[in-house]
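Start counting at 1 in the sequence shown, then tack on 199, and there's your number in the working numbering. Note that beta-carbon positions come from the ideal geometry of N, C-alpha and C, so glycine has one too. Keep in mind it's a predicted model, so treat the numbers as computed, not measured. Encoded as structure tokens, the structure appears first; notes follow it.
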Amino acid sequence: MKRRELLKAALALPLLPALARTARALPARLAHAVRLRPGQPGWPALAEWQSLDRAVGGRLLKPASPFAGGAGTAAYAEAARQLKNPFALGDDPALTQTSGWADAWRSRPSAYAVAAESAADVAAAVDFARRHRLRLVVKGGGHSYQGTSSAPDSLLVWPRRMNQVTLHEGFVPAGGEGKVAPLPAVSVGAGAMWIDVYHAVTTVGGRYAQGGGCTTVGVAGLVQSGGFGSFSKGFGTAASNLLEAEVVTADGAVLTINAHQHPELFWGLKGGGGGSLGVVTRLTLRTFELPPFFGAVFGTIQASSDQAYRALVGRAMAFYREALFNPHWGEQMGFAPDNTLSISMVFQGLTEAQAEQTWKPFFDWVRARKEYSFAEPPRTLALPARHFWDADFFRQHAPQLMADDDRPGTPAYHMVWAGDRGQVGWFIHAYQSAWLPAALLAPDRQRALADALFAASRRHDFALHFNKGMAGGEPSAIARTRDTAMNPQVADAFALAICADGSGPAFPGLRDPDLAEARGDAAAVEAAMEALRVVAPHAGSYVSESDYFLRDWQRGFWGANYARLLRAKRRYDPDGLFVVHHGVGSEGWSEDGFTRVG
200 MKRRELLKAA LALPLLPALA RTARALPARL AHAVRLRPGQ PGWPALAEWQ SLDRAVGGRL
260 LKPASPFAGG AGTAAYAEAA RQLKNPFALG DDPALTQTSG WADAWRSRPS AYAVAAESAA
320 DVAAAVDFAR RHRLRLVVKG GGHSYQGTSS APDSLLVWPR RMNQVTLHEG FVPAGGEGKV
380 APLPAVSVGA GAMWIDVYHA VTTVGGRYAQ GGGCTTVGVA GLVQSGGFGS FSKGFGTAAS
440 NLLEAEVVTA DGAVLTINAH QHPELFWGLK GGGGGSLGVV TRLTLRTFEL PPFFGAVFGT
500 IQASSDQAYR ALVGRAMAFY REALFNPHWG EQMGFAPDNT LSISMVFQGL TEAQAEQTWK
560 PFFDWVRARK EYSFAEPPRT LALPARHFWD ADFFRQHAPQ LMADDDRPGT PAYHMVWAGD
620 RGQVGWFIHA YQSAWLPAAL LAPDRQRALA DALFAASRRH DFALHFNKGM AGGEPSAIAR
680 TRDTAMNPQV ADAFALAICA DGSGPAFPGL RDPDLAEARG DAAAVEAAME ALRVVAPHAG
740 SYVSESDYFL RDWQRGFWGA NYARLLRAKR RYDPDGLFVV HHGVGSEGWS EDGFTRVG
């Protein structure tokens, strides 16, 4: 703290008790202009916390990081052993799936947490935070890269135990009786992960619910952010398939919302970002007929020179436009400075033979040219779609592709893709994304696109996530996605370009990150994305996978939809109880969410 600021703070200290006494008499907006921290005048007394504990059935916790006691403690040893188990991290209210971001935030536990088991528990926590002027934070899966599920000195709403999954043969939203046809659907508690949904809906129920690719992502958070999965082009975003939600608003009310009841709040929750409009306690999502097969195509191509690599990039984009720009295909192609093109694509609605035939012209083109070789030979595989998230099936046929939650007493179906374990607890150095418009795939634009991709690959490796742009998808899925709060660019983008870097877990008490290395990586990521933006200068960014330091985030995340979102925010949360980094209305608050600035 600078000397002048220190003097000002010292002079203000005698005034704090008087300010605390008069705060409750101020107008509501002024009374809630500052959130309280432990030890400050007005922070709830022990008796008041005990009253909240009774109101939530004895489920008030004081989270403590297992790393706080040092390397010699049993808690530290057990947490270190489970560092690559995302289920274990998610079961600890003091930890998050991302441990921080360089020069931005680090994962630190809340002062208190309500381990909610019902909407009434959530409402009690919301009421308590509002009355006592506390910083409120919500953590479902805890995967937020932006740190929105972590805030020290806060009260945490932790709905991990609200993980019930219920299937419906014919669901009609409240108020829609006689207006809409019943649809097959699934209702999901706010603490459920996508593996809970996939097990119930697909493995057991034989249907499909559009959710996230990583099985440990929270259902509620993904839906509120928009929600891409591997097969989004075929089935739409998770938000586009939301039929109804139960939500606790800033006044503590428990509302059932849908297209017929509180339609603006309902629309805002469909991609408006988690933690800004209310606390979701239950969601109901439509389900779909399950395709016969899901499958994947893998391979890595090495080019012998920069010139050959540039030609390979151009051919890959032309091939994508010719053969893959449709509802069947999703996931990624990766581009790297070592002149490799990596392929990790998935498909639905095709047989293995059909998928192989689709790719044959491209792989034949590669094999016919001596300047290319396969660092990883291409492989195509397919399996009955019902087994795509079937842990027992993978244990028997491909155990190397998945990792169990190996703790005693955990559900046998809890599995995570082995490739996703690298993100568990990771510390982000940089993360940027940009939607690339489908117009770039036109024959007269492909050269410029390939030039930009090649130029970006000189700076840092990156990937095109084709399933995270809806262009080329099923028309009905695109139409539903347009009826969400997401940036309208998503409907016209053929892919989301993602460039990122990071290192292993850096929870406080475990290790400190190398910030010099992180800043160097961040500069390289910025250079790569600048090269890409040459062909997409106005590209928006996906709120869940984006730059913490994004300047024009309102336009980047929501575009023309932001004004409508802000109106919903002001209606349902006029005093700004729900504040997250770069969330709707957060421009009126300090970076830490404790002080109103607007």
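(request) Starting from the C-beta of ARG228, find all residues in its chain whose C-beta is less than 7 Å away, skip the five residues before and the five after it, and write them out in chain order. (result) Any answer about ARG228 is weak, because its pLDDT of 47 lies below 50 and its placement is not dependable; what the coordinates show is given next. Sequence-distant partners of ARG228 (beyond 5 residues in either direction) whose C-beta falls short of 7 Å from its own C-beta, in its chain, are ASP774.
(message) Once the 5 residues before and after LEU421 are set aside, which same chain residues still bring their CB inside 6 Å of it?
(response) Hits under 6 Å: GLY411 and ALA437.
(request) Starting from PRO462, trace the alpha helix (DSSP H) both ways and give me its first and last residue. (result) Here the alpha helix (DSSP H) through PRO462 covers 462-468.
(request) Spatial neighbours of LEU709 within its chain, please: CB distance less than 6 Å, with the 5 preceding and 5 following residues excluded, ordered by chain position. (result) Within the same chain, LEU709 has close Cβ partners PHE266.
(request) Give me the Cα-Cα distance between SER309 and ALA315, rounded to the nearest whole angstrom. (result) C-alpha separation (whole angstroms): 15 Å.
(message) Quick check on DSSP: helix, strand or coil for HIS586?
(response) In the structure shown, the three-state DSSP call for HIS586 is helix.
(request) Using alpha carbons as the reference points, say which of PHE626, ALA694, GLY513 and ARG769 lies closest to GLY299. (result) Minimum Cα-Cα distance from GLY299 among the listed residues PHE626, ALA694, GLY513 and ARG769 corresponds to PHE626.
(request) Starting from the C-beta of ALA224, find all residues in its chain whose C-beta is less than 7 Å away, skip the five residues before and the five after it, and write them out in chain order. (result) Only weak support is given to the placement of ALA224: the predicted model assigns it a pLDDT of 33, under 50, and the question is left unresolved by the model.
(request) Give a yes or no on contact between the segment 539-552 and the segment 689-703, applying the rule of three or more CB pairs nearer than 8 Å. (result) Result no; under three Cβ-Cβ pairs closer than 8 Å.
(request) Answer with buried or exposed for ALA597, where buried requires no fewer than 16 other C-beta atoms within 10 angstroms of its C-beta. (result) Its Cβ having fewer than 16 others within 10 Å, ALA597 is exposed.
(request) Decide if LYS469 is buried, meaning its Cβ has at least 16 other Cβ atoms within 10 Å, or exposed. (result) The residue is buried, with at least 16 neighbouring Cβ atoms inside 10 Å.
(request) Give every residue of the same chain whose Cβ lies closer than 7 Å to the Cβ of ASP352, excluding the five residues on either side of it in the sequence, and list them in chain order. (result) Spatial neighbours of ASP352 in its own chain (CB-CB distance under 7 Å, excluding positions within 5 residues in sequence) are listed in chain order as ARG236, PRO237, ALA310 and ARG334.
(message) With a threshold of 6 Å on Cβ separation, who are the neighbours of ASN440 within its own chain once the five nearest residues in sequence on each side are excluded?
(response) Within the same chain, ASN440 has close Cβ partners GLN409, LEU484 and ARG485.
(message) I'd like to check one pair, SER632 with ALA696: are the Cβ atoms closer than 8 Å?
(response) Yes, the Cβ-Cβ distance between ALA696 and SER632 is below 8 Å.
(request) Inspect the beta-carbon positions of VAL796 and GLY787 and report whether they are closer than 8 Å. (result) Going by C-beta atoms, VAL796 is nearer than 8 Å to GLY787.
(message) Can you tell me whether LYS667 is buried or exposed? The criterion is at least 16 other CB atoms within 10 Å of its CB, across all chains shown.
(response) A buried status is given to LYS667, since no fewer than 16 other beta-carbon atoms sit within 10 Å of its beta-carbon.
(message) Tell me which residue opens and which closes the beta strand (DSSP E) that ARG481 is part of.
(response) Residues 478-485.
(message) Using 8 Å as the threshold, is the C-beta distance between LEU764 and GLY425 below it?
(response) Against a cut-off of 8 Å, the Cβ pair of GLY425 and LEU764 comes out as no contact.
(request) Quick one: using the 10 Å Cβ neighbour count with 16 as the cut-off for buried, is GLY339 buried or exposed? (result) For GLY339, the number of other beta carbons within 10 angstroms of its own is at least 16, and it is reported as buried.
(request) Could you say which of ARG594, GLY608 and THR609 lies nearest to ALA602 if we only look at CA atoms? (result) Just measuring C-alpha positions, the residue of ARG594, GLY608 and THR609 sitting nearest ALA602 is ARG594.
(request) Given a cut-off of 8 Å, decide if SER349 and SER386 are closer than it, judged by their beta-carbon atoms. (result) Going by C-beta atoms, SER386 is not nearer than 8 Å to SER349.
(request) Starting from the C-beta of VAL242, find all residues in its chain whose C-beta is less than 6 Å away, skip the five residues before and the five after it, and write them out in chain order. (result) The sequence shown places Trp at residue 242, not Val. Within the same chain, LEU235 come within 6 Å of TRP242 by CB-CB distance, once the 5 residues on both sides are set aside.
(request) Go ahead and label SER656 buried or exposed: buried means 16 or more other beta carbons lie within 10 angstroms of its beta carbon, across all protein chains shown. (result) It is buried - the Cβ of SER656 has at least 16 other Cβ atoms within 10 Å.
(message) According to DSSP, is TYR407 part of a helix, a strand, or is it coil?
(response) Three-state DSSP puts TYR407 in a strand.
(message) I need the boundaries of the beta strand (DSSP E) containing ASP395, first residue and last residue.
(response) From DSSP, ASP395 is part of no beta strand (DSSP E) but of the alpha helix (DSSP H) over 393-397.
(request) Mark ASP320 as exposed unless 16 or more other C-beta atoms lie within 10 angstroms of its C-beta, in which case mark it buried. (result) The residue in question, ASP320, is buried, as its Cβ has 16 or more Cβ neighbours within 10 Å.
(request) Would you identify the three-state DSSP class for GLU530, choosing helix, strand or coil? (result) Three-state result, GLU530: strand.
(request) Just the C-alpha distance for THR221 and CYS413, rounded to the nearest angstrom, thanks. (result) For THR221, the pLDDT reaches just 31, beneath the cut-off of 50, and the residue's location in the model is therefore unreliable, although a value from the coordinates is still provided. If I take the Cα positions, the gap works out to 49 Å.
(request) Can you grab the Cα-Cα spacing for the pair VAL337 / ALA254, in whole Å? (result) When only Cα atoms are considered, VAL337 and ALA254 end up about 18 Å apart.
(message) Taking the alpha-carbon of ALA510 as reference, which of ALA647, THR794 and ASP720 has the nearest alpha-carbon?
(response) Ranking the options by Cα distance to ALA510, first place goes to ALA647.
(message) Please report the straight-line C-alpha distance between ARG568 and SER740, rounded to a whole angstrom.
(response) Going from the Cα of ARG568 to the Cα of SER740 covers about 37 Å.
(message) Tell me the rounded alpha-carbon separation between GLY784 and ASN362.
(response) Counting only the Cα atoms, ASN362 lies some 29 Å from GLY784.
(message) Once the 5 residues before and after THR680 are set aside, which same chain residues still bring their CB inside 7 Å of it?
(response) Excluding sequence neighbours, THR680 sits near GLY435, THR436, SER439, MET669, VAL689 and ALA690.
(message) Within a Cβ cutoff of 8 Å, which residues of the same chain sit near PRO292, ignoring the five residues on either side of it in sequence?
(response) Same-chain partners within the cutoff: LEU260, PRO262, PRO308, SER309, ALA312, ALA314, LYS338, LEU355, TRP357 and ARG359.
(message) Assuming contact is defined by CB atoms lying nearer than 8 Å, are LEU881 and MET516 in contact in what I supplied?
(response) In the structure displayed, the chain extends from 200 to 797; residue 881 sits before or after that span and is not available.
(message) Can you tell me whether ALA318 is buried or exposed? The criterion is at least 16 other CB atoms within 10 Å of its CB, across all chains shown.
(response) So ALA318 counts as buried.
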